[in-house]
Structures are given as C-alpha cells and as structure tokens.
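Trainee: Quick note: full-length UniProt numbering has the sequence shown finishing at residue 567, numbered continuously throughout.
Mind looking over this structure? Questions follow.
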Amino acid sequence: MGVGGVVKFILRRLLEITLIAAVLVLIPNLPPHANFSKPISRVSPKPFTGKLSLNNRLDNIEKWHKGDFVGPEGLAELNGELYTSLYTGDIVKLTGEHITPIVKFGRPCKNSYEESICGRPLGIEFDQNGYLFAADAYYGIFKVDVKTGKKEQLVGPNTVIEGKKAKIFNSVALASNGDIYWTDSSSDFTLEDGLFTLLADPSGRLMHYNAKTKTNKVLIDELFFANGVALSKDEEFVIVAETGSSRIQRYHLKGPKQGKKDVFIDGLPGLPDNLTPDGKGGFIVPLLYSFDNEHPNMFQSIGPFPWLRKAIARVMGVTEYLFRKIDELYPNEFSLKAMHFIGHFTSSPSWLGAQRSTILRVDKNGQIADSVHTDKIKSFFCDVKIIRDTVYLGSPFNDYLGRIPLANLGWEDLRQDERVKRAAPVETPKPTTQKPTTTTPPPSTTQKATTTTQKPTTTTPKPTTTTPKPTTTTQPTTTTPKPTTTTTKPTTTTPKPITTTPKPTTTTPKPTTAKPAPTQAKQQAKAVPAQPKQATPQAQKVPQQTQQQKQNPPVKQAPKPTQGNRK
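Okay, here's the thing in structure tokens:
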C-alpha cells in the first residue's frame, strides 16, 4: 500500500468515526443523561515565570507507608497525629508506622469496583472540639467522634437542596460558629462516573450548612467540578476550587461584597484540588494534574465543542450500559470491573499524564506567593497537611503518603507546632475526673466484700483496658507510639490511665480515708488484706488486676484494647 492508500485508509476511518459520532449525538435518550449544550472555555495557563518558575524543591519526597493502603486523599491533624481517608472507604489514624482504623461510612463490599457500596471518604477536617467532619462521596456529610467511633449524618444523598440532590460529596470547611461549607462536585453523576463530569455541562455547587437550623443553601452553582473549599483566616470569604476550569472562585461572606462571587485566581497550570489555609492568611493549592500550553489537558481542549463532548460521553455511556445489561443477565465480576473502569477517575492517570508535580502558595488576595515543583515524581498530589516541620502529601491514586521536610520547600514560616495545643479544647469535655467522685459508692463496697468484688468487676474493664496496654509493652512498636501520643493524644489514652489510677486509688484511699474506723474494726477480722493494700498499693495492683482478670473472661476483655486504640 502506497502513501495514497494510507491516506485513503485514514480518511475512511475518520469518516466512519464522524458518522458514528453524529448518530450517537442525534439519537435521543442515550446514556448518559445530562446536558451538553454549553461551550466551556478556560483562560490560558500562566507561564512558568516569576513566582511560578520551575524548581526542584519537591524532589526527594519520601514514600511513607508504601503499599499499606491505596488512595490517601484527605488529610487532617489532631494533636500532632495524622488522619487520612482511603480508597477502601476507611478513615484511619497514622501513629508512626501503626495504622488504626477510625470509622467507615459504607457497607461491607467485595472490592473497589463496588465503591458505591464501600463508600469513599474524601475531604476531612477537625473542629476545635476534636470532632472529625468528613465528606463521603456516596453517603454524605458526617460528624465523627474519633474516640468512640460514633458517627452522625448531617447531610445525606437523598437530601434535596434547591431542587437537586448532591451526587459527589467532596470537601468540607468548618466555620468558628459550627457552620459547614461543603462542595457537591456534580448534581448529575456519582464519583464512579466522575469522568462524565468533565464532559457534561458543569453542575457542581458550593453549599452552606447552617448548624443551628440544619438546613443547606447553595452559594455558587454550575461549577465545573467543585472540589476543595477553605475559609479565609478572618472568615470574610470562602474559596472553592473549580477543578475543571483550573481556577478558584470566591464567595464573600462579610463586607460590602457580601453575597457576591468572583474569581479568586485563574489560569492555573494544572487542576486544583483540596485547599488548605496556611495559617498566615493565605492558602496552599496542590495541582492534581499539571500542564501548560505545550502539554494541554484533553478535557479542557474539547471543552468549546459540546457536540464532541457529547459524542465521547455517549460512547462511554453506551459501553457502560451494555456491560450493565450483561451483568444483569449473567452476573459476573468482569462486567462490574468494566463498568467501574469506564467512568472512574482511576482510569485517567494512565492516559492523561502529568508533566510534573506542583504545589502553590496563594496569598489572601489571590496572588501566587510561591511554588514548588518536581519532575521526578508525577504522583498526582491532591492534599497538603503540615505537622510540625513535615509536609504530608495525599493522593487519590497513590499507594503511599508523600512526606518531605518543610525546610526542603523553603516554607519554614509555616511550621505548625501550635496545633498540638489543640488538645486542650478536647480535654475540656472531660469532666471524667468526676468519675473518682462517682466512685464514692466504694465505701459501701468496703462494707461488703461482695460489693467490693462487684466494683472491681465494674472497674475491671478499665484496668483491663490498661492491662493490655502493659501487654503491648512487650511490643516496642506499639509502646513507643503510645508515649509519643501521650503528648499528642491526651484525650484518648490519658483518660484510661487516669481512670485506672483513680479507680485503684479510690479503692485504696477510700479505705484509708473513709476507713480508719472500718480498718481498725476489721483489723480483727481482715487486718491482713487491709494493711497490704495500704502498705504497698502499687505493688499489689498487678496481682489484683490479674486476679480480676481470672474472674472475668479474657475473651471479653480482649476487644477493649482495640476499641481503645481506635479511639
């Protein structure tokens, strides 16, 4: 075949593709069911000059917890400990090399292709009282007590907000009065069909949840995949990442522009994802995908052509529909995997391709203050969390957390030591010190040997929760984080020792304080057990606990430490 034959072959194939695309566009009621009527344009990416000049400050990123999990997207910090949301639907706490499951919003599922069943937590953030607020893409907005694992759904997928339901709960930002600003990335598609959101007309929204009235209000509509959200330091405005348009929009909450929106920054050389206040009035903006004029983004390139976007979406939609019908007739795992792969974002990194990894610092006026780059690791970082002098980098696709010293970025001014002190508000709800006062009944327990055995049995769960902690001392890996977490985790670990010490001490001092007379009266009958408890209370704590453990089934006590660790 000569050159002419090759040209004819190519032209014929192009003609066939055009005819198929035209048929797919013109035939009504084909999936996906969304609008493809608006041309979508964007501002050209900013050049890599000035504050955007390329550098290698993001080189040498450590791959922390490599292979331990997948998709650590959202990052949050409490008392110096890192929490992250995973692709498996779990939110976990990382203490050194130890991973502690905290909560899961979804139901048991077979594999990641059943993501809509498993759940997929994305944005997470702690309030000043130590409660975790999380957005699960499928199940809604939740408030979680990380000490007990108790969860409360604040907004659900069936909640109708101004005529539409949220389909992708994405990110949250917490106001000082308890209100929540959150994003719905699309009102048309769920996360498992996320690629369709980049082809259809924009339907993302920025929401405001009123904590007092428990109602939601739309602040900005028709966002091209609404993503990360963050409040300004003075809470005068809230910003939202419009990922599909490579820009960030702003909504004014106070001042002369209250209730109005504008563009905070445009022309970003990549797709902005989660937004993080830097503690200095500005924001940290990671770019999930990076590109430039020489390496444009495919979805943005076809944005001005609605018919082309519709044709591509219908090819994908019809293919997905066929696999769904096959699975309905002949249930099989391959069809489920195919349906998940066609529309999910996890299929995009292989062919979208990132040129580099880039993280920006943007000031309160929307100007780029600094940027760090690397072309060695193209890892689609989507979230940034600074703890002390270390930067942690999350990603929806990686099987590790990125970690790099803050000094490597030249951002030492963002050191976050003061955040560890946030444990104080968490301790405030702990009038658990009254528990020793509630143990005033032990005087009655001393009057009856049987009641004293009952009170230890009631208190045995608390010592037994501590006794496994000594048993874990045999494992250096678990004991070392516990001392380290005592500074960071006074809210969860310290109460258990505190309750254990008062419980024995209440049994010992209560006999000492309330029983000088009983002890003298009972020195004739039980002087031997009373005196050793006063003479060597600490020496006999362990045997007393072991005796109590013998009285109580160890099987029931074994789960307690695991619950304690989850707290």
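Note that CB positions come from ideal geometry on N, CA and C, so glycine has one too.
Just to confirm before moving on: does the CB-CB distance between Glu81 and Lys66 stay below 7 Å?
Mentor: Taking the first residue of the sequence shown as 1, we reach residue 81 at position 81. Taking the first residue of the sequence shown as 1, we reach residue 66 at position 66. Cβ atoms of Glu81 and Lys66: not closer than 7 Å.
Trainee: Measuring CB to CB, does Ile386 end up less than 7 Å from Leu414?
Mentor: The count along the sequence shown starts at 1 and reaches residue 386 at position 386. The count along the sequence shown starts at 1 and reaches residue 414 at position 414. Yes, they are a contact pair.
Trainee: By the three-class DSSP mapping on this structure, what secondary structure does Ser347 have?
Mentor: Numbered from its first residue, the sequence shown carries residue 347 at position 347. Correct three-state label for Ser347: helix.
Trainee: Among the residues of its own chain, which have a CB less than 6 Å from the CB of Gly3, if the five just before and after it don't count?
Mentor: In the sequence shown, residue 3 corresponds to position 3, counting from 1. Sequence check: residue 3 is Val here, not Gly. Hits under 6 Å: none found.
Trainee: Opposite Glu152 in the DSSP bridges: which residues?
Mentor: For this step, residue 152 is matched to residue 152 along the sequence shown. For Glu152, the pairing in a beta bridge is given by DSSP as Lys143.
Trainee: Counting pairs of beta carbons, one from the segment 367 to 374 and one from the segment 12 to 29, are three or more of them closer than 8 Å?
Mentor: no
Trainee: Please name the residue or residues paired with Ile386 in a DSSP beta bridge.
Mentor: As a working mapping, residue 386 is identified with position 386 in the sequence shown. Looking at the DSSP assignment, Ile386 forms a beta bridge with Val391.
Trainee: What would DSSP say about Pro306, mapped onto helix, strand or coil?
Mentor: Translated into the one-based positions of the sequence shown, residue 306 becomes position 306. Correct three-state label for Pro306: helix.
Trainee: The alpha helix (DSSP H) with Asn408 in it runs from where to where?
Mentor: Here residue 408 refers to the residue found at position 408 when the sequence shown is read from its first residue. 406 to 409 is the span of the alpha helix (DSSP H), which, as asked, contains Asn408.
Trainee: Whose C-beta lies closer than 7 Å to the C-beta of Ser116 among residues of the same chain, with five residues either side of it excluded?
Mentor: Counting from 1 along the sequence shown, the entry for residue 116 is found at position 116. Contacts found: Tyr138, Thr190, Glu192.
Trainee: Any C-beta of chain B sitting closer than 7 Å to the C-beta of Lys165?
Mentor: As a matter of chain content, chain B is missing from the structure shown, which is built from one protein chain.
Trainee: Does the Cβ of Tyr330 have 16 or more other Cβ atoms within 10 Å, making it buried, or fewer, making it exposed?
Mentor: Taking the sequence shown and counting its residues from 1, one reaches residue 330 at position 330. It counts as exposed.
Trainee: In whole angstroms, what is the alpha-carbon distance linking Ser187 and His295?
Mentor: Within the sequence shown, the letter at position 187 stands for residue 187. Within the sequence shown, the letter at position 295 stands for residue 295. Cα to Cα, the separation comes out at about 30 Å.
Trainee: Classify Pro470 as buried or exposed, calling it buried when 16 or more other Cβ atoms lie within 10 Å of its own Cβ.
Mentor: Here residue 470 is taken as the residue at index 470 of the sequence shown, counted from 1. The predicted position of Pro470 is uncertain, since its pLDDT is 36 and thus under 50; no value can be drawn from it.
Trainee: For Thr358, tell me which candidate among Arg13, Ala134, Pro286, Gly282 has the shortest Cα-Cα distance.
Mentor: For the purposes of this step, residue 358 is taken as the residue at position 358 of the sequence shown. With distances taken between Cα atoms, Thr358 lies closest to Pro286.
Trainee: Let me know if His340 comes out buried or exposed under the rule of 16 or more other beta-carbons within 10 Å of its beta-carbon.
Mentor: As a working note, residue 340 is residue 340 in the sequence shown. Buried, because 16 or more other Cβ atoms sit within 10 Å of the Cβ of His340.
Trainee: So, is Gln128 buried or exposed, given that buried needs 16 or more other C-beta atoms within 10 angstroms?
Mentor: Along the sequence shown, read from residue 1 onward, the residue named residue 128 stands at position 128. By the 10 Å Cβ count, Gln128 comes out exposed.
Trainee: To which residues of the same chain is Val155 closer than 6 Å at the C-beta, ignoring the five residues directly before and after it?
Mentor: Taking the first residue of the sequence shown as position 1, residue 155 is located at position 155. Take Val155, set aside five residues on each side of it, and the residues of its chain with a beta-carbon closer than 6 Å to its own are Gly140, Ile141, in chain order.
Trainee: With Leu14 as the anchor, note down where its alpha helix (DSSP H) starts and where it stops.
Mentor: Reading the sequence shown from its first residue, position 14 is the one you call residue 14. From DSSP, the alpha helix (DSSP H) with Leu14 extends over 3 to 26.
Trainee: If I'm right that Pro277 touches Ala230 with Cβ under 8 Å, what's the distance once you round it to whole angstroms?
Mentor: Position 277 of the sequence shown, counted from the first residue, corresponds to residue 277. Position 230 of the sequence shown, counted from the first residue, corresponds to residue 230. Contact holds; Cβ gap of about 5 Å.
Trainee: Below 8 Å CB to CB, which residues in the same chain sit around His344 once its five sequence neighbours on both sides are set aside?
Mentor: The residue given as residue 344 occupies position 344 in the sequence shown. Within the same chain, His344 has close Cβ partners Glu115, Leu191, Glu192, Asp193, Gly194, Leu195.
Trainee: Is the segment 45 to 55 touching the segment 392 to 402, taking contact as three or more C-beta pairs under 8 Å?
Mentor: Contact fails: fewer than three Cβ-Cβ distances are below 8 Å.
Trainee: Three-state secondary structure (DSSP) at Asp327?
Mentor: As a first step, residue 327 is located in the sequence shown; it is residue number 327 there, counting from the start. Three-state DSSP puts Asp327 in a helix.
Trainee: Inspect the beta-carbon positions of Glu125 and Ala166 and report whether they are closer than 7 Å.
Mentor: Taking the sequence shown and counting its residues from 1, one reaches residue 125 at position 125. Taking the sequence shown and counting its residues from 1, one reaches residue 166 at position 166. Not in contact: Glu125 and Ala166 (Cβ atoms no closer than 7 Å).
Trainee: Which of the three DSSP states is assigned to Lys167 in this structure?
Mentor: Position 167 of the sequence shown, counted from the start, is the residue given in the question as residue 167. In the structure shown, the three-state DSSP call for Lys167 is coil.
Trainee: Going along the chain, which residues of its own chain have a beta-carbon closer than 7 Å to the beta-carbon of Ser379, five neighbours each way excluded?
Mentor: Reading the sequence shown from its first residue, position 379 is the one you call residue 379. Same-chain partners within the cutoff: Ser357, Ser395, Asn398, Gly402.
Trainee: Which residue or residues does DSSP assign as beta-bridge partners of Gly402?
Mentor: Here residue 402 is taken as the residue at index 402 of the sequence shown, counted from 1. Listed as beta-bridge partners of Gly402 by DSSP are Lys63, Leu393.
Trainee: Buried or exposed: which applies to Gln249, given that a residue is buried once 16 or more other Cβ atoms fall within 10 Å of its Cβ?
Mentor: Here residue 249 refers to the residue found at position 249 when the sequence shown is read from its first residue. Answer is buried; the Cβ neighbour count reaches 16.
Trainee: Measure the Cβ-Cβ separation of Gly106 and Gly119 and say whether it is below 7 Å.
Mentor: Position 106 of the sequence shown, counted from the start, is the residue given in the question as residue 106. Position 119 of the sequence shown, counted from the start, is the residue given in the question as residue 119. A Cβ-Cβ contact shorter than 7 Å links Gly106 with Gly119.
Trainee: Straight-line CA distance for Ile61 to Tyr400?
Mentor: The residue labelled residue 61 in the question sits at position 61 within the sequence shown. The residue labelled residue 400 in the question sits at position 400 within the sequence shown. Distance between the alpha carbons of Ile61 and Tyr400 is about 11 Å.
Trainee: Between Gly228 and Pro272, which are expected to be in contact by the criterion C-beta below 8 Å, what is the C-beta distance as a whole number of angstroms?
Mentor: Taking the first residue of the sequence shown as 1, we reach residue 228 at position 228. Taking the first residue of the sequence shown as 1, we reach residue 272 at position 272. By a beta-carbon distance limit of 8 Å, Gly228 contacts Pro272. Their separation comes to about 7 Å.
Trainee: Taking only three categories from DSSP, how would you classify Ile312?
Mentor: Within the sequence shown, numbered from 1, the residue matching residue 312 stands at position 312. Three-state DSSP puts Ile312 in a helix.
Trainee: Give me whichever residues DSSP pairs with His252 in a beta bridge.
Mentor: Locating residue 252 in the sequence shown gives position 252, where the first residue counts as 1. For His252, which the question treats as bridged, DSSP gives the partners Phe237.
Trainee: Exposed or buried, what is Lys310 when buried is set at 16 or more other beta-carbons lying within 10 Å of its beta-carbon?
Mentor: Indexing the sequence shown from 1 puts residue 310 at position 310. Lys310 comes out buried.
Trainee: Taking the alpha carbon of Leu409 as the reference point, which residue from Asp59, Ala241, Met298, Trp307 has its own alpha carbon closest?
Mentor: Position 409 of the sequence shown, counting from 1, holds the residue named residue 409. Looking at Asp59, Ala241, Met298, Trp307, the one whose alpha-carbon comes closest to that of Leu409 is Asp59.
Trainee: In the DSSP assignment, find the unbroken alpha helix (DSSP H) run with Ser203 in it and report its ends.
Mentor: Along the sequence shown, read from residue 1 onward, the residue named residue 203 stands at position 203. Run containing Ser203: none; DSSP gives neither H nor E here.
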